[in-house]
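Trainee: Have a look at the structure that comes next, please.
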Amino acid sequence: MAKMWTEFSAKVAIGIHDSVAVMELTEKEVTSDGDAVENGCDFAVRNDIEQISAQEWFDYLDIEGIEKVKGQPKAEVGVYEITGKASFDEDSVDYVGVEMNKIG
Numbered sequence: 008m009a010k011m012w013t014e015f016s017a018k019v020a021i022g023i024h025d026s027v028a029v030m031e032l033t034e035k036e037v038t039s040d041g042d043a044v045e046n047g048c049d050f051a052v053r054n055d056i057e058q059i060s061a062q063e064w065f066d067y068l069d070i071e072g073i074e075k076v077k078g079q080p081k082a083e084v085g086v087y088e089i090t091g092k093a094s095f096d097e098d099s100v101d102y103v104g105v106e107m108n109k110i111g
């Protein structure tokens with residue numbers, strides 16, 4: 008089964024009651040080795056978020072160094088930059104190397 012890879016960076020706001028808003032998102036298709044794909048698909052992560060909601064997308068991420076409480080990443084209210092890679096196939100997506108840093 009062929010996989011498509013993308014690298015992404017998202018600016019995400021975490022609000023009270025664990026609300027999530029994706030404020031900025033950049034992504035680019037890459038090879039499995041991380042080389043940029045010319046004229047690649049630059050909207051796969053965006054489509055994933057639109058299909059399941061920003062909250063469910065955030066809850067699904069396995070963020071390095073961040074523990075989960077009741078299935079949700081534990082994060083204080085604030086603005087964060089989330090970076091990582093995602094691999095897509097016909098019916099699933101896996102996020103790897105995901106990191107989150109507070110920026111505001």
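The sequence shown maps to residues 8 to 111 in our numbering. Cβ atoms here follow ideal geometry from the backbone N, Cα and C, with glycine treated the same way.
1. What are the partner residues of G41, as DSSP defines its beta bridges?
2. Pull the bridge partners of S16 from the DSSP assignment, please.
3. When burial is assigned at 16 or more other CB atoms within 10 Å of the CB, is E57 buried or exposed?
4. Using the Cβ count rule (16 or more neighbours within 10 Å means buried), how would you classify A17?
5. So which of I23, E14, T13, W12 has the shortest CA-CA distance to V84?
Mentor: In short:
1. As a working note, residue 41 is residue 34 in the sequence shown. Paired residue(s): none; G41 is not in a bridge.
2. Taking the first residue of the sequence shown as 1, we reach residue 16 at position 9. In DSSP, S16 forms a bridge with T33, T90.
3. On the sequence shown, residue 57 is found 50 positions in, with the first residue counted as 1. With fewer than 16 Cβ atoms within 10 Å of its Cβ, E57 is classed as exposed.
4. Position 10 of the sequence shown, counted from the start, is the residue given in the question as residue 17. So A17 ends up on the buried side.
5. Looking up residue 84 in the sequence shown gives position 77. V84 has its Cα closest to that of I23, out of I23, E14, T13, W12.
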